[in-house]
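So the structure is just underneath, and the comments pick up after that.
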Amino acid sequence: MAEKKTTSLWQRFTQPTPGKAKCNICSKLVSMGAEKGKSKNTTNMWNHLKANHIQDYKEAVKEKEDAAAAASANLSQPTIAQMFDSQRKWQNSDQRSKKIDTQILEMIATDNQPFTVVSDVGFRRLIATLEPRYSLKTEKYYRTDMLENIMKGVERKIKTLITSENAGPHLAFTTDCWSGETESLMSLTCHFINSDWERKQVVLNVKAMSGSHTGEYISKMFLSMLKHWDITPDRVVLVLRDSGANMIKGLRLAEIPDLSCSAHTLQLVVNEGISSQRAVGDVIAKLKTCATHFSHSVLAKQRLSDIQEEFDLPRHSIIQAVPTRWNSTLHMLQRMLQQKRALNIYAGEHGKFTTPTADQWALISNLIETLGPIEEVTFEMSKAEASVSCIIPSIAVLKMVLQAEGPTTSGIKTLRETMFQSLERRFSKMEENRCLVLATLLDPRYKGQIFSVETLNKAKEWVKEENAIVSEQCNTATTGVQESDPKRRREEEEEEQPGPSGLLERMYANILGAHGGTPAEENDEQHITEQLDQYLREPLIDRQTGLPLEWWKQNASRLHLLAPLARKFLCPPPSSVPSERVFSEIGIIYGKKRSRLTGEHAEQLCFLHYNLQLLNWEY
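Those letters in the sequence shown? Residues 3 to 621, by the working numbering.
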């Protein structure tokens with residue numbers, strides 16, 4: 003049996019008979035000089051490849067050289083210094099050690115791990131296996147020495163990110179307060195549209211609060227947070243906050259434009275409607291009792307699961323309503339209606355609770371039909387890409403839904419009427435809010451279609467005023483540059499003294515301006531009016547699939563006067579949900595392994611948790 007060959011040459015030849023090699027490419031037999039012994043060689047084989055298969059020859063030569071180099075590297079012996087270095091522990095000042103220190107703290111912040119993770123046996127074994135030369139530090143080192151330094155680096159990067167040059171001249175904010183067992187915190191998230199028409203969100207603060215949370219205290223705290231980030235109040239377009247009296251008063255005292263969170267307001271509308279009709283309250287209370295039974299008994303859950311399997315029903319658990327989230331009540335109703343048959347069978351076999359009557363089940367179905375659209379609107383308002391422009395159209399649609407009559411309104415007319423009146427009252431001043439109106443007008447999904455003639459005319463006037471403000475800001479910036487060096491300005495004016503031709507043009511300009519022309523202010527007003535009329539005449543983009551910011555990115559140069567206004571008024575979100583999401587992380591940060599965590603460290607960890615990922619860990 004022929005010997006198996008593995009070299010680059012023998013991958014292209016076989017040896018069917020002693021002393022002969024067969025080319026796998028052309029099947030020609032090539033002499034090897036002898037059948038065996040020292041006279042046997044591969045010279046003829048290499049010559050054959052070179053003469054007849056030049057490409058394969060070059061590839062075989064390269065493979066041979068690579069194999070030789072790899073063999074040489076494997077045979078080389080490490081020096082004594084290299085052997086000792088591979089075993090020696092790094093000094094703490096070693097850059098390799100510092101890099102791992104940084105990544106461990108980044109991991110703690112990103113994954114919401116406690117500082118004590120560095121003392122855990124499993125983690126220490128993992129690090130020792132991955133890099134034996136690295137020395138793990140104490141918990142105190144990462145918490146005190148490392149955390150502050152990384153915070154400063156990330157803060158510098160965030161400050162650069164939100165400057166006027168990068169974020170634009172206008173910023174929007176959301177804020178909310180949270181109270182835990184040991185600390186109270188106030189959050190601040192920043193929202194803006196960058197020069198590429200991308201919506202950005204940055205968590206600026208999760209600030210520990212002290213003392214009584216009065217309006218005066220909140221005002222000072224809010225302004226101090228803006229000052230810390232070098233944000234002047236004139237850059238603030240809008241602040242979304244909850245409806246707490248102290249929060250409202252605080253932002254009024256700070257003289258910052260503010261608006262109640264639309265999601266919170268809708269929750270108040272729903273709660274008001276549910277409490278207005280006793281029949282609805284009674285059936286919800288009955289279902290809550292049912293849900294409580296299953297949440298407190300493992301045996302009850304198992305029995306319900308057996309019934310679901312026997313009658314081929316979805317094997318879903320029963321949902322319990324949460325007082326702080328109205329849509330959890332809707333989800334409870336939906337799940338109960340889905341499991342209606344299983345619940346009736348369970349109650350008949352095991353008792354423990356009373357299921358709704360036939361009339362009550364019909365009421366539940368109608369209630370779901372009414373609350374469903376409100377949840378959809380709340381969900382849209384809570385999306386990361388949502389803009390304040392959706393508020394006016396969404397409320398208008400909800401009013402139409404609540405006014406509609408049909409079979410699904412039977413038994414809950416009082417609830418629907420109460421909710422409609424609550425919407426009317428709580429959102430009565432929407433069309434008096436300049437930011438809301440202009441955001442809706444400058445959203446290519448809505449434009450002026452939702453407005454009355456009176457509101458549309460008012461919006462057009464506001465557009466002119468805002469355009470004048472933007473123009474004045476640009477002129478002020480230009481004037482400031484010119485006035486910064488009077489001597490240079492005089493020299494430039496002397497250099498630009500017109501000759502005879504230039505003098506004539508100036509005289510013509512004076513005559514035309516005085517008699518037949520239009521003042522500069524009127525020209526600007528005319529241009530913005532023409533551009534706005536052109537924009538409003540164009541068709542709307544699809545509400546569900548259209549991307550307003552992408553549309554403006556493509557049309558910003560064409561509608562150059564409207565584009566800065568769109569960038570300004572489309573940046574605020576419609577709710578304070580972004581700030582509430584921050585507090586979801588705070589609940590995780592204050593875990594059982596962090597019960598003694600200070601408010602300052604909680605603020606720092608939450609700040610890093612969001613912004614390290616935003617910056618892609620590059621700061």
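C-beta atoms are modelled at their ideal positions from N, C-alpha and C, and glycine is treated no differently. Given the structure is predicted, the values throughout are model-derived calculations rather than measurements.
Note to self: Between the segment 91 to 111 and the segment 608 to 616, can you find at least three pairs of beta-carbon atoms closer than 8 Å?
What the structure shows: yes
Notebook entry, point to check: For serine 578, which residues from the same chain have a beta carbon less than 8 Å from its beta carbon, with the 5 sequence-adjacent residues on both sides left out?
Noted result: Numbered from 1 along the sequence shown, position 576 holds the residue referred to as residue 578. Answer for serine 578: Thr176, Thr177, Asp178, Leu242, Arg243, Asp244, Cys263, Ala265 and His266, listed in chain order.
Checklist line | Three-way DSSP call (helix, strand, coil) for serine 297 in this model | finding: Position 295 of the sequence shown, counted from the start, is the residue given in the question as residue 297. It is helical.
Item checked: Rounded C-alpha distance that separates glutamate 200 from lysine 466 -> Stepping through the sequence shown from its first residue, residue 200 is reached at position 198. Stepping through the sequence shown from its first residue, residue 466 is reached at position 464. So the two alpha carbons sit approximately 25 Å from each other.
Check: Going by beta carbon distance, what residues of the same chain come within less than 6 Å of glutamate 523, once the five residues before and after it are set aside?
Finding: As a position in the sequence shown, residue 523 is number 521, starting the count at 1. Reliability of the predicted coordinates at glutamate 523 is poor, the pLDDT of 49 falling under 50, and the value obtained from them is presented with this limitation in mind. The answer is none, since no qualifying residue turns up.
Check: Should glutamine 615 go down as buried or exposed, given a rule of 16 or more other Cβ atoms within 10 Å for buried?
Finding: Indexing the sequence shown from 1 puts residue 615 at position 613. The residue in question, glutamine 615, is exposed, as its Cβ has fewer than 16 Cβ neighbours within 10 Å.
Note to self: For cysteine 28, count the other beta carbons within 10 Å of its own beta carbon; 16 or more makes it buried, fewer makes it exposed. Which is it?
What the structure shows: As a first step, residue 28 must be located in the sequence shown, where it is residue number 26. The residue is exposed, with fewer than 16 neighbouring Cβ atoms inside 10 Å.
Note to self: Short of 7 Å in beta carbon distance, which residues of its chain neighbour leucine 534, apart from the five on each side in sequence? Order them along the chain.
What the structure shows: For the purposes of this step, residue 534 is taken as residue 532 along the sequence shown, with counting starting at 1. Correct list, in chain order: Lys462, Val465 and Leu564.
Check: Got a sec? Which residues, its chain only, sit under 8 Å from threonine 191 by beta carbon, not counting five neighbours each side?
Finding: Here the question's residue 191 lines up with position 189 in the sequence shown. Excluding sequence neighbours, threonine 191 sits near Phe175, Thr176, Thr177, Gln203, Val204, Val205, Leu206, Pro580, Ser581 and Val584.
Check: In chain order, what residues of the same chain lie with their CB nearer than 7 Å to the CB of lysine 342, ignoring the 5 residues before and after it?
Finding: Looking up residue 342 in the sequence shown gives position 340. Contacts found: Trp363.
Notebook entry, point to check: Would you report the Cα separation of isoleucine 376 and arginine 145, rounded to the nearest angstrom?
Noted result: Translated into the one-based positions of the sequence shown, residue 376 becomes position 374. Translated into the one-based positions of the sequence shown, residue 145 becomes position 143. Approximately 45 Å, taken between the alpha carbons.
Next item on the list: Name, in chain order, the residues that DSSP records as bridge partners for lysine 290.
Entry: Numbered from its first residue, the sequence shown carries residue 290 at position 288. Looking at the DSSP assignment, lysine 290 forms no beta bridge with any residue, so it has no partner.
Next item on the list: Under 8 Å by Cβ, that's how I've got leucine 572 and serine 391 pegged, so tell me the actual separation to the nearest angstrom.
Entry: To locate residue 572, count along the sequence shown from 1; it is residue 570. To locate residue 391, count along the sequence shown from 1; it is residue 389. Contact holds; Cβ gap of about 6 Å.
Check: Beta carbon of isoleucine 370, beta carbon of leucine 332: below 8 Å?
Finding: As a first step, residue 370 is located in the sequence shown; it is residue number 368 there, counting from the start. As a first step, residue 332 is located in the sequence shown; it is residue number 330 there, counting from the start. Yes, they are a contact pair.
Notebook entry, point to check: Can we say the segment 311 to 322 touches the segment 249 to 262, given the rule of at least three CB pairs closer than 8 Å?
Noted result: no
Check: Got a sec, what are the start and stop residues for the alpha helix (DSSP H) tryptophan 180 sits in?
Finding: For the purposes of this step, residue 180 is taken as residue 178 along the sequence shown, with counting starting at 1. Element bounds for tryptophan 180: not the alpha helix (DSSP H) but the beta strand (DSSP E), 173 to 181.
Item checked: C-alpha distance - phenylalanine 15 paired with threonine 45, whole-angstrom precision -> Counting from one through the sequence shown, the residue named residue 15 turns up at place 13. Counting from one through the sequence shown, the residue named residue 45 turns up at place 43. Looking at the two C-alpha atoms, the distance is approximately 13 Å.
Check: Are the segment 223 to 237 and the segment 157 to 173 in contact at 8 Å, needing three or more beta carbon pairs?
Finding: yes
Check: Leaving out the 5 sequence neighbours to the left and right, which residues in its chain are closer than 7 Å to glutamine 13 when beta-carbon positions are compared?
Finding: Position 11 of the sequence shown, counted from the first residue, corresponds to residue 13. Within the same chain, glutamine 13 has no close Cβ partners at all.
Next item on the list: Would you please state the rounded distance, in angstroms, between the beta carbons of leucine 306 and phenylalanine 313? I believe it to be under 8 Å.
Entry: Against the sequence shown, residue 306 aligns to sequence position 304. Against the sequence shown, residue 313 aligns to sequence position 311. Actually they are not in contact, since the Cβ atoms of leucine 306 and phenylalanine 313 sit about 11 Å apart, beyond 8 Å.
Check: Out of Gln556, Thr216 and Leu268, which has the shortest C-alpha to C-alpha gap to glycine 246?
Finding: Position 244 of the sequence shown, counted from the start, is the residue given in the question as residue 246. The residue with the shortest Cα to Cα distance from glycine 246 is Thr216.
Next item on the list: For the beta strand (DSSP E) holding histidine 193, just list the boundary residues, first then last.
Entry: In the sequence shown, the residue the question calls residue 193 occupies position 191. First-last of the beta strand (DSSP E) with histidine 193: 186 to 195.
Notebook entry, point to check: Which word fits phenylalanine 224, buried or exposed, when buried means at least 16 other C-beta atoms lie within 10 angstroms of its C-beta?
Noted result: In the sequence shown, counting from the first residue as 1, residue 224 sits at position 222. With 16 or more Cβ atoms within 10 Å of its Cβ, phenylalanine 224 is classed as buried.
Next item on the list: Using alpha carbons as the reference points, say which of Ile195, Asp68 and Thr131 lies closest to alanine 386.
Entry: For the purposes of this step, residue 386 is identified with residue 384 of the sequence shown, where counting begins at 1. Here the closest residue by C-alpha is Ile195.
Check: When DSSP builds the beta bridges, which residues end up paired with leucine 240?
Finding: Residue numbering aside, residue 240 sits at position 238 when the sequence shown is read from its first letter. In the DSSP output, where bridge partners are listed per residue, leucine 240 has Ala174.
Item checked: Per DSSP, the bridge partner or partners of aspartate 314 -> Locating residue 314 in the sequence shown gives position 312, counting from the first residue. Answer by DSSP bridge pairing: none, since aspartate 314 is not bridged.
Check: When the Cα atoms are used, what is the spatial distance from alanine 256 to lysine 139?
Finding: Within the sequence shown, numbered from 1, the residue matching residue 256 stands at position 254. Within the sequence shown, numbered from 1, the residue matching residue 139 stands at position 137. C-alpha separation (whole angstroms): 45 Å.
Checklist line | Beta carbon of proline 358 nearer than 8 Å to that of glutamine 340 | finding: Here residue 358 corresponds to residue number 356 of the sequence shown, with the count starting at 1. Here residue 340 corresponds to residue number 338 of the sequence shown, with the count starting at 1. Not closer than 8 Å, so no.
Item checked: Within 8 Å, strictly: CB atoms of valine 282 and leucine 425 -> Here residue 282 is taken as the residue at index 280 of the sequence shown, counted from 1. Here residue 425 is taken as the residue at index 423 of the sequence shown, counted from 1. No; because the gap between Cβ atoms is not below 8 Å, this pair is not in contact.
Next item on the list: Reducing DSSP to helix, strand and coil, say where cysteine 25 ends up.
Entry: Start at 1 with the first residue of the sequence shown, and residue 25 comes out as number 23. Strand, per DSSP.
Check: Which partner residues does histidine 201 have in the DSSP bridge list?
Finding: Position 199 of the sequence shown, counted from the first residue, corresponds to residue 201. According to the sequence as given, residue 201 is arginine; it is not histidine. Ile195, per the DSSP bridge assignment.
Check: Taking the DSSP output, what are the residues bridged to arginine 327?
Finding: For the purposes of this step, residue 327 is taken as residue 325 along the sequence shown, with counting starting at 1. In DSSP, arginine 327 forms a bridge with Val324.
Margin query: Based on DSSP bridge pairs, tell me the residues matched to asparagine 207.
Written below: Position 205 of the sequence shown, counted from the first residue, corresponds to residue 207. DSSP, once it has assigned bridges, lists Leu190 as partnering asparagine 207.
Notebook entry, point to check: Alpha carbon to alpha carbon, how far is glutamate 133 from isoleucine 106?
Noted result: Indexing the sequence shown from 1 puts residue 133 at position 131. Indexing the sequence shown from 1 puts residue 106 at position 104. In a straight line, the C-alpha of glutamate 133 is about 13 Å away from that of isoleucine 106.
Next item on the list: Check the C-beta distance from leucine 443 over to lysine 449 and give it rounded, since I have them as a contact under 8 Å.
Entry: Counted from its first residue, the sequence shown places residue 443 at position 441. Counted from its first residue, the sequence shown places residue 449 at position 447. Sure, about 6 Å apart at Cβ, within 8 Å.
Note to self: Between which two residues does the beta strand (DSSP E) holding glutamine 17 run?
What the structure shows: Here the question's residue 17 lines up with position 15 in the sequence shown. First-last of the beta strand (DSSP E) with glutamine 17: 15 to 19.
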